[in-house]
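For reference, the structure is listed below as structure tokens.
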């Protein structure tokens, strides 16, 4: 994509796609664990954390 055309490093380019996906899932899980301390008001942040990792282009 555009990052490659601009010679910008990306996690998949640096780590490989499978490792980058695994890292993204790990970070999502950490974010969700941190947000578990909060009530339903934090649900939009939980949804965002899930969306970022699970979205499909």
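Numbering (our numbering), first residue to last: 4 to 60.
Glycine is no exception: its CB is placed at the ideal position from the N, C-alpha and C atoms.
Check	Outcome
Buried or exposed by the 16-neighbour rule on C-beta atoms within 10 Å, applied to residue 37	exposed
Distance between beta carbons of residue 17 and residue 26, contact taken as under 8 Å	Not confirmed; about 10 Å, so no contact.
CB of residue 35 within 8 Å of CB of residue 52, strictly	yes
Spatial distance of residue 44 from residue 58 (CA atoms)	22 Å
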